[in-house]
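Right, one structure below, let's go through it.
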Amino acid sequence: MFRATTVVLATTAAAYVIWLLVDLLLLLFACALVSLILLTITNVIRRRSGLPFGVALMLTVVGLLALVGGAVFFFGTTMRSEFAELATRLPAAWAGLQARLQHSPVGASMLVRAREFAPSGQTIVSAATTALAAVGGALSGLAIVLVGGLYLAAQPTLYRNGVLRLF
0 MFRATTVVLA TTAAAYVIWL LVDLLLLLFA CALVSLILLT ITNVIRRRSG LPFGVALMLT
60 VVGLLALVGG AVFFFGTTMR SEFAELATRL PAAWAGLQAR LQHSPVGASM LVRAREFAPS
120 GQTIVSAATT ALAAVGGALS GLAIVLVGGL YLAAQPTLYR NGVLRLF
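The sequence shown stops at residue 166 when you use numbering that gives the first Met the number 0, and every number in between is there.
What follows is the structure, given as structure tokens:
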């Protein structure tokens, strides 16, 4: 009875610890995926060109950075122009909608109720703070994944042997 209880408690404790560390485990998994992508591209470059591993890995990283940078530049310019156009059109559209709603009793009532439900300045600041914290967390997680993946790809045997020794 004691052994069975110990096994159940140990299993429950291990599941709880894994649940607490799920964010860390997901980051490690993402690092491994980035490393796998880098190693796959690096090995293709090495097979076709005969370059040493370090040079091929550097070419892979620089090439992927150039690809992502080009995509951000191209789509960023397009998105910036779309947001600028939206910012110029939206106030006029809102004013037109308000003018149309003012002319009917139902519309005027809707505008009064909408103003009652409008969020306060404190609510808007709180939502903006939460959104910025989420964006900051996502960017820091992305940086950790990219750097960790690069480290794993740079010396895969070292980390593989370390994990094997750990277990």
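We put the CB at the ideal spot given by N, CA and C, even for glycine. Predicted, not measured: the structure shown is a model, and the values here were computed from it.
Where the alpha helix (DSSP H) containing GLY95 begins and where it ends: 52-101
Quick check: THR11 and ILE40, are their CB atoms within less than 8 angstroms of each other? no
Coarse secondary structure for ALA117, derived from DSSP in three states: coil
Nearest to LEU145 (by Cα), restricted to the options LEU23, ALA65 and ALA29: ALA29
Report the rounded CA-to-CA distance for HIS102 versus LEU19, giving the unit in angstroms. 57 angstroms
Once you ignore the five residues that flank MET109 on each side, which residues in its own chain have a CB closer than 7 angstroms to its CB? LEU100
For MET109, name the three-state secondary structure that DSSP assigns. helix
Do you know how far the Cα of ARG79 is from the Cα of ASN169? Given that the chain is displayed from residue 0 to residue 166, the structure contains no residue 169 and the question cannot be resolved.
Would you kindly report the start and end of the unbroken alpha helix (DSSP H) that includes GLY161? 155-165
Just to confirm, are LEU26 and GLY140 a CB contact at a threshold of 8 angstroms? yes
Does DSSP classify LEU138 as helix, strand or coil? helix
Are the beta-carbon atoms belonging to LEU35 and ILE44 less than 8 angstroms from one another? no
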